[in-house]
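A.B. asks: Have a look at the structure that comes next, please.
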Amino acid sequence: MKGMSTRWARWIVIAVVVVFAGMQAVRPERINPPVNPEYTLEAQYEVPRDVKIILERACGDCHSNRTRWPWYSNLAPVSWFLADHVKDGRRHFNMDDFTEEMSLKDVCQEIRVGSMPLKSYLALHPEAKLTGGEIQTVCSWTREAQPK
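Next up, the structure:
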């Protein structure tokens with residue numbers, strides 16, 4: 001009986017390894033499009049240095065075209081999850097391809113209620129967690145920011 005359970009365990013391990021290896025063949029698109037300086041948030045608004053530092057640290061990986069793809073973004077299924085989150089993040093708010101449909105007020109709302117940065121991102125990037133003072137700094141700027 002013991003030999004039978006060992007044999008089953010071996011086949012299960014082999015099957016898991018084969019499935020995991022096969023998943024690696026499905027590679028999501030992980031690109032950083034070129035940044036056109038004319039379309040950046042900074043080209044359209046005065047962004048104080050302290051606000052820029054906060055936004056780059058807490059938002060830049062998902063909400064810019066300068067994503068720093070970590071090593072684990074090469075491993076499926078994590079790669080699928082990350083590529084989808086970055087694509088979605090850029091669609092909602094992209095500091096390097098900023099459009100008027102992207103509201104600065106929404107940025108304040110998302111960070112004030114704790115929706116952003118995502119909890120899943122903060123688990124691996126604790127440095128992106130915003131303090132109350134940083135949230136206030138960004139929200140004050142979003143209220144006062146005027147287009148150039």
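Quick note: the sequence shown uses our numbering, first residue 1, plus one each step.
Note that CB positions come from ideal geometry on N, CA and C, so glycine has one too.
Can you find a heavy atom of the ligand HEM that lies under 7 Å from the Cβ of residue 60?
C.D. replies: For the ligand HEM, the structure offers nothing, since it holds no ligand at all.
A.B. asks: Would you check if the distance between the CB atom of residue 137 and the CB atom of residue 105 is smaller than 8 Å?
C.D. replies: Here residue 137 refers to the residue found at position 137 of the sequence shown. Here residue 105 refers to the residue found at position 105 of the sequence shown. Not a contact, by the Cβ cut-off of 8 Å.
A.B. asks: Please work out which residues of its chain come closer than 8 Å, Cβ to Cβ, to residue 37, disregarding the five sequence neighbours upstream and downstream, and give them in chain order.
C.D. replies: The count along the sequence shown starts at 1 and reaches residue 37 at position 37. Answer for residue 37: 43, listed in chain order.
A.B. asks: Would you decide whether residue 111 is buried or exposed? Buried here means 16 or more other CB atoms lie within 10 Å of its CB.
C.D. replies: Taking the sequence shown and counting its residues from 1, the one referred to as residue 111 is at position 111. So residue 111 counts as buried.
A.B. asks: Would DSSP call residue 37 helix, strand or coil?
C.D. replies: Counting from one through the sequence shown, the residue named residue 37 turns up at place 37. DSSP places residue 37 in helix when its eight states are reduced to three.
A.B. asks: From the DSSP output, in three-state form, read off residue 147 for me.
C.D. replies: Translated into the one-based positions of the sequence shown, residue 147 becomes position 147. Note: residue 147 maps to strand in three-state DSSP.
A.B. asks: Can you tell me where the alpha helix (DSSP H) with residue 83 in it begins and where it stops?
C.D. replies: Counting from 1 along the sequence shown, the entry for residue 83 is found at position 83. Taken as a continuous stretch (DSSP letters only), the alpha helix (DSSP H) holding residue 83 covers 78-92.
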